[in-house]
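Participant:
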Amino acid sequence: MNKVNNIREKSLVFIGFMGVGKTTVAQIVAKKLYRDFIDIDEVIEQEFGMPATDIFREHGEDTFRNKEKEYVFHYCRQPLKVISLGGGAFLQDEIREACLDHSIVFYLDISWESWKDRLHMLVDSRPVLQDKTLQDIEALFHDRKRTYKAHNSKLLTDSYNPEEVAEYIISSIRLAWELYE
Ligand code: S3P
26 MNKVNNIREK SLVFIGFMGV GKTTVAQIVA KKLYRDFIDI DEVIEQEFGM PATDIFREHG
86 EDTFRNKEKE YVFHYCRQPL KVISLGGGAF LQDEIREACL DHSIVFYLDI SWESWKDRLH
146 MLVDSRPVLQ DKTLQDIEAL FHDRKRTYKA HNSKLLTDSY NPEEVAEYII SSIRLAWELY
206 E
């Protein structure tokens, strides 16, 4: 597929740690911009007909990561999508490079203090959080932050609700459209 050159048509990609609210925010943004919403985890889960935890257990993490790469490659090159990535997707250099090359990448950041209160709601559905101590998870949290450094725009979401985050992103994307077209 040809590269999307018009900034107004580039797809928007959301990255950030598990449970930061990528899917919720991306869904709101997609609706407000009249774009298709794609959740990469959901697409993978649909293909396998099972939740991510079962895919990890029955097929292994590598199988999940390969599918993740396949689908991100496919969708980030298409115009006019809003795409939510799993929190581990940017660990793969090729995914990171493809997203930065073809789309606009928004990093939803959160502090450890705010995030750790959400852990109990996430652990059952997130295989990479299972069988870990709180210390292990904090180390993973800070480690992952390093992989999110490559982005086009970032927002610390601690004190905002998803609707406010979506509004901020839409204003910043509108500004970029005006500045760079
Ligand atoms: C993962 C994050 C999950 C999902 C999978 C692995 C990770 O997505 O892709 O469980 O390695 O950080 P969310 O960030 O949407 O929870």
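So in our numbering, spot 75 of the sequence shown is number 100, and the numbers just go up one at a time. Here a beta-carbon is modelled for each residue, glycine too, at the ideal position from N, C-alpha and C. Owing to the predicted nature of the structure, the values given are computational and were not obtained by experimental measurement.
Kindly indicate which residue of ASP64, LEU204 and ASN30 has the alpha-carbon position closest to the one of SER109.
Facilitator: Position 84 of the sequence shown, counting from 1, holds the residue named residue 109. The shortest C-alpha separation from SER109 is found at ASP64.
Participant: Just to confirm, does ALA164 get its C-beta within under 6 Å of one of the non-hydrogen atoms of the ligand S3P?
Facilitator: Position 139 of the sequence shown, counting from 1, holds the residue named residue 164. No, since every heavy atom of the ligand S3P falls outside the 6 Å radius drawn around the Cβ of ALA164.
Participant: Distance, Cα to Cα, ASP156 vs VAL148?
Facilitator: Looking up residue 156 in the sequence shown gives position 131. Looking up residue 148 in the sequence shown gives position 123. Roughly 9 Å between the two C-alpha positions.
Participant: Starting from LYS170, follow the alpha helix (DSSP H) in both directions and report where the run begins and ends.
Facilitator: Against the sequence shown, residue 170 aligns to sequence position 145. That run of the alpha helix (DSSP H) goes 159-172.
Participant: Are ASN177 and ILE135 closer than 7 Å when you measure CB to CB?
Facilitator: Indexing the sequence shown from 1 puts residue 177 at position 152. Indexing the sequence shown from 1 puts residue 135 at position 110. No, the pair does not count as a contact, with Cβ atoms beyond the cut-off.
Participant: Compare the C-alpha of VAL97 against each of GLN117, GLU83 and ASP168 and name the closest.
Facilitator: One-based indexing of the sequence shown puts residue 97 at position 72. Of the listed residues, the one whose Cα sits closest to VAL97 is GLN117.
Participant: Where are the alpha helix (DSSP H) runs, 4 residues long or more, that stay fully inside the segment 93-170, in chain order?
Facilitator: You should have 118-127, 137-140 and 144-147.
Participant: Relative to the alpha-carbon of GLY112, which residue among ALA55, ARG33 and ARG90 has its alpha-carbon at the smallest distance?
Facilitator: Here the question's residue 112 lines up with position 87 in the sequence shown. Nearest C-alpha to GLY112: ARG90.
Participant: Between the Cα of SER197 and the Cα atoms of ILE80, MET43 and VAL54, which residue gives the shortest distance?
Facilitator: Counting from 1 along the sequence shown, the entry for residue 197 is found at position 172. The candidate whose alpha carbon is nearest that of SER197 is VAL54.
Participant: When the distance is taken between beta carbons, is GLU206 closer than 7 Å to ILE40?
Facilitator: Translated into positions along the sequence shown, residue 40 becomes position 15. Translated into positions along the sequence shown, residue 206 becomes position 181. Contact flag unset, no.
Participant: Near VAL68, which residues of its chain fall below 7 Å by C-beta distance, leaving aside the five closest residues on each side in sequence?
Facilitator: Taking the sequence shown and counting its residues from 1, one reaches residue 68 at position 43. The residues are TYR96.
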